Each structure stands twice: as structure tokens, then as C-alpha cells.
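In the numbering used here, the protein residues as written are 45 to 530.
Every residue, glycine too, gets a C-beta built ideally from N, C-alpha and C.
In this text the structure is predicted, and so the values were computed from the model without any measurement.
What follows is a single structure, written as C-alpha cells, with notes after it.
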Amino acid sequence: MKIKLYNSLSKTIEEFEPISDNTVRMYSCGPTVYNYAHIGNMRAFLMADLLQRVLRVVGKYDLQWVMNITDIDDKTIRDSRIGSEAWLPEMGEQTESAIDNLKMLTEFYFDSFTEDISSLGIDVEDFYALPAATDYIEEMQTLIKQIIQNGYAYIASGSIYFDVAKWRQSDTYGKLFKIDFDNFKSGTRIDTDEYEREHVSDFVLWKAPKEGEPQWDFEIDGSNYPGRPGWHIECSAMEYELLGLPFDIHTGGVDLKFPHHEDEIAQSKAGYGCEPTNYWVHNDFLEVEGEKMSKSAGNFFTLRDLIKKSLDPLDIRFAMLSAHYRTKYNFTHDGISAARKARMRIQEYIYDLMDDSNSGKNAFDVAKLRDSVFGELGNDMHTPKALANLFVFMNENKAMEADLESKNEMLAFLNELNHIFAIWQFEQRPTTEKLIPSEITKLAEARLQAKKDKNWALADELRAKIIDAGYLIKDSKDAFEIEINS
RNA sequence: GGUGACGUGGCCGAGUGGCUAGGCUGCGGUCUGCAAAACCGCCUACGGAGGUUCGACUCCUCUCGUCACCUCCA
45 MKIKLYNSLS KTIEEFEPIS DNTVRMYSCG PTVYNYAHIG NMRAFLMADL LQRVLRVVGK
105 YDLQWVMNIT DIDDKTIRDS RIGSEAWLPE MGEQTESAID NLKMLTEFYF DSFTEDISSL
165 GIDVEDFYAL PAATDYIEEM QTLIKQIIQN GYAYIASGSI YFDVAKWRQS DTYGKLFKID
225 FDNFKSGTRI DTDEYEREHV SDFVLWKAPK EGEPQWDFEI DGSNYPGRPG WHIECSAMEY
285 ELLGLPFDIH TGGVDLKFPH HEDEIAQSKA GYGCEPTNYW VHNDFLEVEG EKMSKSAGNF
345 FTLRDLIKKS LDPLDIRFAM LSAHYRTKYN FTHDGISAAR KARMRIQEYI YDLMDDSNSG
405 KNAFDVAKLR DSVFGELGND MHTPKALANL FVFMNENKAM EADLESKNEM LAFLNELNHI
465 FAIWQFEQRP TTEKLIPSEI TKLAEARLQA KKDKNWALAD ELRAKIIDAG YLIKDSKDAF
525 EIEINS
């Protein structure tokens, strides 16, 4: 099935055409590993995951999916400094080497990152590579030299800057983001700390070192310019090395359009002579209870915070996937519990389908359902509509009413769909007996007896105890079922 | 100041010039000793004011409001 995608370059939905027939090459801006990732970051990673799964399952493409790991920037440097308050004992003993310290800190948070995304249902096996920036210093230097040689960068005070004014003479600067050139001060160099509002400026490719910072030698024409890479250059270099240019799709959050992605385009073209990618796909932000979430505002949750509050990460995954990726998603606790119930409803439907003892006579038109659901997923990843179609079908076609063949077709389809959503179990409905403490079961048995004796007062009292203990009791004729109250 | 987005029923969240998604909650019913669960049914919204139109939530103008990016941030 063909896939349609909204391309930030054209600002329209386009039919996706891969560069090579079967393998799609995709690059996603990943985390800066200086802390535990928050759920806003998670939305971006989930969106990339959704896209790569839709490409695989609906589009039937093979994928090479790369997500970069930013391990060198102001924050990783700050937090790995000797004496840093952000240093945790679990990271090990700090050494004299700034680079070693940086690596220890970032590897610690890299591990937490892979744990977090795994719990959210992102399969680390799906990545072609998760490259760390500091493993590509040489490649970045090669690119920078090339940009200098092509005349679009200059050295000043030991740092190397991209010359935006010069670049504008040969190409557009502002492909993703309209830039207010009236307020554009060309030729102004910046060191992020001293950036003035309302002025776009030349951006740094290579930063001269400061005392105690990690630094790498950089030899240009016999002179050494020790320092470290600027923010944008890692993506350009790693894309070139790992995927080759141009590749198919680049993903990231909307906030990265400018300056990060704009600069990435300029750098890659100025150095390699080629823009990085054909399709730019940007997800919108997540808000919390209607408020913008940001690190600086301090109103953010990490995934770990939420798991500690007993939220199931798969409910978070489903909640986020149930909003369109290009709209703002309002993260609320009510929203998560609604998502959980909706998810469980589908899970119950699957359990019913797997229950061979209880089949009906109706033939389901699974092929039509599949077309409508996959059609929506392939239409710029329209998960809300895809899910709506599924729910309408479920309302009209009860699992227990399906004949055996329809049950199997439905299961095959839902299993396929689960290669995208990755939130359901395909096994027999689990017996809860093992999970329920025996004292609770005993209370329930006593209650059943009380019911038989028509001792309603006792029965109600026992039920209250069971509920207080955190369990739900579901009655049927002469029997009961206990569930953990979630 | 520049650029852009958005305002949909109790909440979340789609969408279209007329046929008025979906989920969750709530309410009514069936069931039940009573509940819960399940099943059935109900609740019909589009910030405001104009305009275009046979007809607008959907197009246009104005207006109010919210937000994002332009500075590290998914």
C-alpha cells in the first residue's frame, strides 16, 4: 500500500516514493543523553517508531532506521565536569580525562534511554544504528574541512563558523522555516551564551575549547584547532556515513526545524553538495494538563516518574498514538486512564477471538476492515481515524459472534496491526488465579457461600473487603472471577 | 517585533460546504439479592460578530483568546 506523508519542505501531504525500491533509509533526531528522557521527548521517539512501523507493515518496505545520540553539548559537558552535582555514584569514579567523564555520564543515560524506549514498546532491534556523536568526530572534521574548502565557513578566534550570508548567495537558507531577513544580521558570529534576540547569525561548526572541557585535536592546513563540534554538525556527518545522501526521511520535533534542521540542510549541501533527505517529518509537542512542558519550566515528567505512579507505559504509548502526530497532544491522567480502558477493550476482544469454545456463525469482512484501517495509517499516519474504524467495526461485529474462520482472519489482522501498535497480547486470556493471593480467593469463596445462604449482609461485607484490598470481583452464575483493580 | 499553529459536546480527540468520527465519563435499561462486569440505548458540539451561499462547524473578513518557534529544548 502506498504511504502518504506530510513533508515540512513542501508543507503538503505527498505520496512517499523511496529512493531505492525496497529499503527506506530514515534518520531520527534522538536524545541528548544528560538526563532521563521526559515524556515530551518520548512522543517524538514514538512518532518515529510509528512511522517506521507503518512503513514496514503497511508499506512493506525494509528499513534502515538511524537515531543519533547526542553525547557532546553544553549540558553533557556541564554535568560531567569534575565536581558536578549531577554526577551520580552509579556512573563510576570520575577521572582526570574530561572525555572519559563525558562518556561515563552519557553512557549511563544512554542505557536509561534504551530501557525507557523499550518499556514504551519501541524495539531496539529495529534500529539500524544508534550512533553517538563523539564516535564520529573525524567524520565531522572531514565535513567541516570540506565546507571550508568550498568557501562557506571561516575560522575566527579558534572556532569555525558557517557563513550564512555567503551561503545565501548560492542557495536558500530558510527552507523549513521562514526567516525574517530584515532582522538577520549576517556575518555576526555567536557563541550561544551571548545571543541577542531578533538576530539570526552565523552558526558554529566547531567550538574552541574552554578550560576543563572535552576537546579533540583538529588539524587544518598544518595548524591545530583543538575543540569540540557544534550542535548541528553531528547529524550531517552521521547521516552521510551511515545512510548516504540523500536518504529518504528525516524526523524530529517541530522545534528542531529552526535552527537545527535548517542548519543541517545548509551544512550538508555546502559540504557534501547534497541535501540530506527528501522528506522532513516533524511531530508537534506534547503538553501536560494544557500547559507547555519544558525542562526549563520544570513541569515535566520523565517516563520513570510515571511508571513509579503505577502508570503502564503501554497505556502511555497507546494514548500518544491515539492523537495525530502533527497536533499538540494534551497529556492528562484522565486521558491515560481512558486510553487504558480503550486498549483493554480491544484486548478483551482479542481474548474472545482466541476462545475457541465460544464461536458464532457470522462471517466478518476482515479484508474491508484491514483496508480501511491500514488506509488511514498510510494516510500520513492517521491513527485516530484508523482506531475509530476499528472501534466501529468492533461495535458492529462482536467477537463471540464470529465463525471460526472469521475469528482466525480477525486475529491475523489484529496481530498484523499489533506490529504497529505493539500494545496487545496474543495468548489465551490469562487465568488470574496465580496473581490473586489465596486470602482474597478465600474471601470470595466465603462470599459465594454467603450468597447461596442468602446472607446478603455478610456477602456485601466480604465484597467490600475484597475491593478495599484492591481487587475487583466479577460475578457470574454460581461462580466469580477476581481481577486486580487497575 | 518576525513566523506559524490552534480554539469542536463533561474530558480526550477526528473531520467535512448539506449525509452531523471514535474513545472515555455520565445517564437510562437488561442482567443481579443489591452491585460490579457485560450487553443495549441516550446525551448532537464546533470561541464571538459579520459576510458569501439555497445551505457553513467547514469558505472570506474582522474580533477575542490560547500556544509554539525565532535562545538549550522532541
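query	result
Short of 6 Å in beta carbon distance, which residues of its chain neighbour D237, apart from the five on each side in sequence? Order them along the chain.	Bear in mind that a pLDDT of 37 at D237, under 50, signals an unreliable position, so the number given afterwards is only what the model happens to contain. For D237, where only same-chain residues beyond five positions count, there are no Cβ hits under 6 Å.
Tell me, to the nearest whole angstrom, how far the beta carbon of G315 is from that of Q469; I am working on the premise that it is less than 8 Å.	Contact doesn't hold; Cβ gap of about 48 Å is too wide.
Quick check on the DSSP output: what are the complete beta strand (DSSP E) runs of length 3 or more inside the stretch 94 to 121, in order along the chain?	106 to 111
Report yes if the CB atom of S312 is closer than 8 Å to the CB atom of P320, and no otherwise.	yes
Would you report the Cα separation of L287 and H326, rounded to the nearest angstrom?	19 Å
Per DSSP, what kind of secondary structure is K495 in: helix, strand or coil?	helix
Apply the 10 Å Cβ neighbour rule to W275 and answer buried if 16 or more other Cβ atoms are within range, or exposed otherwise.	buried
Can you tell me whether D265 is buried or exposed? The criterion is at least 16 other CB atoms within 10 Å of its CB, across all chains shown.	exposed
Who are the near neighbours of K24 in its chain, counting only those whose CB is closer than 7 Å to its CB and skipping five residues on each side?	Residue coverage of the chain in this structure runs from 45 to 530, which leaves residue 24 outside it and unanswerable.
Quick one: what's W211 bridged to in DSSP?	Partner(s): none; W211 has no beta bridge.
Measure the alpha-carbon distance for L146 versus G514 and round it to whole angstroms.	45 Å
What's the C-alpha gap between P270 and Q259?	6 Å
Relative to the C-alpha of F344, which residue among T67, E525, R87, Q108 is closest?	R87
In three-state DSSP terms, what is Y180?	helix
If you draw a straight line from the C-alpha of D123 to the C-alpha of M135, how long is it?	12 Å
Given a cut-off of 8 Å on the beta-carbon distance, is the pair I63 and P290 in contact?	yes
Drop a sphere of 10 angstroms on the beta-carbon of I467, count the other beta-carbons inside from all chains shown, and report buried for 16 or more, exposed for fewer.	buried
Can you check the stretch 421 to 453 for any alpha helix (DSSP H) of at least 4 residues that lies completely inside it and give the ranges in chain order?	427 to 440
Can you say whether C318 is buried or exposed, counting buried as having 16 or more other CB atoms within 10 angstroms of its CB?	exposed
Work out the CA separation of D399 and V98 for me, nearest whole Å.	29 Å
For my contact list, H294 and H368 are in at a C-beta cut-off of 8 Å; report their separation, rounded to the angstrom.	About 19 Å separates the two Cβ atoms, so there is no contact after all.
Mind checking who L330 pairs with in its DSSP beta bridge?	Y373
Classify A383 as buried or exposed, calling it buried when 16 or more other Cβ atoms lie within 10 Å of its own Cβ.	buried
Ordered along the chain, which non-local residues of its own chain (more than five positions away) have a Cβ less than 7 Å from that of G195?	K210
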